[in-house]
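Asks: Below is one structure. I have some questions about it.
Protein chains in written order, with my numbering: chain A, 6 to 360; chain B, 26 to 169.
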């Protein structure tokens with residue numbers, strides 16, 4: 006009877022809702038629950054191997070390495086139980102590895118794409134090969150992680166890279182009108198050296214502000230209104246809580262990389278023009294021969310499709326596919342439709358190429 | 026009355042029209058704001074604000090850094106730059122260790138390969154001499 010009163014009493018119900026709202030907004034959700042073991046470290050970078058769930062003979066022989074962006078936590082790929090790309094791919098029989106870049110400290114302010122692609126990635130991949138006992142592997146890069154994997158594929162792709170998957174990859178910066186970030190970081194308005202002289206690394210909070218300011222009403226108001234509207238739906242609240250935990254966990258971007266991103270890519274579009282030099286080596290996209298799947302989010306306001314499409318005509322891969330999926334920059338992999346559209350497509354494409 | 030189900034089985038929500046109006050307003054507001062942040066004027070204004078902040082805060086930052094450096098020097102403590110340089114050197118050492126580790130792995134793999142390979146019957150694998158296998162005795166120091 007008391008319980009029935011509690012659920013029907015509007016004051017108690019309102020109090021419960023406020024409590025749920027407060028918990029969702031101020032606490033951290035339990036995330037990244039899939040078991041994994043640490044197999045390699047270098048500076049702040051860590052390579053994890055997820056504990057396989059299928060027997061070896063049922064697994065795909067070619068391992069898959071996940072490379073996420075530098076300025077966000079990679080556990081978006083393993084957000085919560087029952088809704089995790091990692092969990093999904095393990096159940097599909099992949100030998101799965103995750104490269105976590107960690108949090109750069111002041112001592113890492115000079116790290117550049119050069120270091121990440123020629124020092125960190127080759128060493129992590131060497132370890133992956135040693136553990137898996139296979140000389141070939143697949144790479145999945147998402148957002149800035151897709152820039153890193155593309156550079157790696159162009160420079161070191163002949164070292165066993167069989168399949169390359171690029172998710173919402175910001176590679177082409179020629180269409181300045183479509184790129185709000187390009188406008189904000191134009192050299193007339195934004196002095197990148199002055200900012201880095203003050204901070205060393207680009208603070209995570211500033212990057213977070215930049216990402217949210219692209220759609221200020223949706224991110225600063227609509228997001229919380231949506232939570233309040235669905236406060237009585239535990240599944241929705243759980244999903245919101247997990248996503249909010251990830252969104253508010255910001256990581257600074259190493260100063261050297263930030264400078265390259267702004268000057269070499271956003272301003273000069275050097276990667277697409279074939280002028281990007283990594284330790285003196287020219288990054289030529291035509292040197293990419295791996296099987297290529299490029300995934301584009303149709304509603305992506307951070308990486309519009311015009312940034313990801315042109316790579317298809319630049320690579321030398323004979324086996325290549327462009328896949329468009331409805332959703333936003335993060336939503337296509339972590340939203341409610343991810344398990345229906347994006348993940349099965351990635352698995353379908355990769356499974357036949359991982360034998 | 027609000028508790029009564031409607032014909033299609035859903036309950037009437039008196040807040041629904043208000044919510045619909047709110048959503049419409051937020052959509053319009055959102056579009057206006059997106060247009061605003063996409064403008065040259067916004068880029069110019071935020072750039073100017075950031076630049077002013079950097080310019081104004083730079084002398085204070087430099088003063089604090091200098092004072093801290095002097096204090097640390099007087100206390101015979103390493104400066105921030107010293108610590109950062111050690112951290113950078115540690116990463117270089119880590120990289121060299123990683124390379125050595127990979128080479129050792131490789132050597133180990135080759136040894137296992139050689140050991141595991143089928144040998145011709147006439148050829149015997151070299152056996153380590155017992156003398157070499159025994160543990161070296163600790164050198165006498167002469168002290169009692």
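Glycine included, each C-beta is placed from N, C-alpha and C at the ideal position.
This structure is a prediction, so every number in the text was calculated from the model and none was measured.
Reducing DSSP to helix, strand and coil, say where residue 204(A) ends up.
Replies: DSSP places residue 204(A) in helix when its eight states are reduced to three.
Asks: Please identify the residue among 190(A), 60(A), 84(A), 174(A) whose C-alpha is closest to the C-alpha of residue 271(A).
Replies: Of 190(A), 60(A), 84(A), 174(A), the residue nearest in Cα terms is 190(A).
Asks: Since residue 53(A) is in the beta strand (DSSP E), which residue starts that stretch and which ends it?
Replies: Residues 50 to 55.
Asks: For residue 47(A) and chain B, any beta-carbon pair shorter than 7 Å?
Replies: Answer yes: the Cβ-Cβ gap between residue 47(A) and chain B drops below 7 Å somewhere.
Asks: Within a Cβ cutoff of 8 Å, which residues of the same chain sit near residue 148(A), ignoring the five residues on either side of it in sequence?
Replies: 73, 74, 77, 172, 173, 174, 175, 307, 308, 334
Asks: For residue 127(B), decide whether its Cβ has a neighbour in chain A, counting only Cβ atoms nearer than 7 Å.
Replies: yes
Asks: By how many angstroms is the C-alpha of residue 337(A) removed from the C-alpha of residue 343(A)?
Replies: Rounded to the nearest whole angstrom, the CA to CA distance from residue 343(A) to residue 337(A) is 5 Å.
Asks: Anyone know if the C-beta pair for residue 45(A) and residue 132(A) falls short of 7 Å?
Replies: yes
Asks: Give a yes or no on whether the C-beta atoms belonging to residue 105(A) and residue 66(A) are separated by under 7 Å.
Replies: no
Asks: Using a Cβ-Cβ distance under 7 Å, would residue 51(B) count as near chain A?
Replies: With a threshold of 7 Å between beta carbons, residue 51(B) makes contact with chain A.
Asks: May I ask you to report which of helix, strand or coil DSSP gives residue 267(A)?
Replies: helix
Asks: Note down, in chain order, every chain B residue with its Cβ under 8 Å from the Cβ of residue 178(A).
Replies: Those do not exist, as residue 178(A) stays about 16 Å from chain B at its closest Cβ, beyond 8 Å.
Asks: Starting from the N-terminal side, write out each stretch of the alpha helix (DSSP H) that is 4 residues or longer and does not extend beyond the segment 131 to 163 of chain A.
Replies: 149 to 161
Asks: Use the C-beta contact count for residue 148(B): other C-beta atoms within 10 angstroms, 16 or more gives buried, fewer gives exposed.
Replies: Confidence at residue 148(B) is low in this model, with a pLDDT of 41, below 50, so the placement of that residue should be treated as unreliable; the coordinate-derived value is given next. Flag for residue 148(B) reads exposed.
Asks: Starting from residue 138(B) and walking both ways along the beta strand (DSSP E), at which residues does that stretch end?
Replies: From DSSP, residue 138(B) is part of no beta strand (DSSP E) but of the alpha helix (DSSP H) over 105 to 141.
Asks: Can a CB atom of chain B be found closer than 7 Å to the CB of residue 188(A)?
Replies: It does; some Cβ of chain B falls within 7 Å.
Asks: CA-CA distance, residue 94(A) and residue 53(B)?
Replies: 40 Å
Asks: Could you check whether the Cβ of residue 44(A) sits closer than 7 Å to any Cβ belonging to chain B?
Replies: It does not: the Cβ of residue 44(A) has no partner Cβ on chain B nearer than 7 Å.
Asks: Relative to the C-alpha of residue 131(B), which candidate in 135(A), 352(A), 88(A) has its C-alpha closest?
Replies: 135(A)
Asks: Going by Cα to Cα distance, which pick from 186(A), 85(A), 69(A) is closest to residue 140(A)?
Replies: 69(A)
Asks: So, are the CB atoms of residue 288(A) and residue 281(A) less than 7 Å apart?
Replies: Contact: yes.
Asks: On the three-state DSSP scale, how would you describe residue 39(A)?
Replies: Residue state for residue 39(A) is assigned as coil, using DSSP reduced to three classes.
Asks: Give the residues of chain B in contact with residue 213(A), contact being defined as C-beta atoms less than 8 Å apart.
Replies: By Cβ distance, chain B contributes nothing, its closest Cβ being about 15 Å from residue 213(A), past 8 Å.
Asks: Work out the CA separation of residue 111(A) and residue 305(A) for me, nearest whole Å.
Replies: Taking the straight line joining both Cα atoms gives about 32 Å.
Asks: Which bits of chain B does residue 227(A) rub up against, with CB to CB less than 8 Å?
Replies: 51, 55
Asks: Considering residue 351(A), what are the terminal residues of the alpha helix (DSSP H) in which it resides?
Replies: 347 to 356
Asks: Less than 7 Å between the beta carbons of residue 203(A) and residue 79(B), yes or no?
Replies: yes
Asks: Within its chain, find whatever has a CB closer than 6 Å to the CB of residue 319(A); leave out the 5 residues flanking it on each side and keep chain order.
Replies: So the qualifying residues of the chain are 290.
Asks: Starting from residue 325(A), trace the beta strand (DSSP E) both ways and give me its first and last residue.
Replies: 325 to 330
Asks: Our contact map puts residue 261(A) next to residue 115(A) with C-beta atoms below 8 Å; I'd like the distance itself, whole angstroms only.
Replies: Going by Cβ atoms, the distance from residue 261(A) to residue 115(A) rounds to 5 Å, so yes, they are a contact pair.
Asks: Could you tell me whether the Cβ atoms of residue 72(B) and residue 194(A) are closer together than 7 Å?
Replies: The Cβ-Cβ distance between residue 72(B) and residue 194(A) falls below 7 Å.
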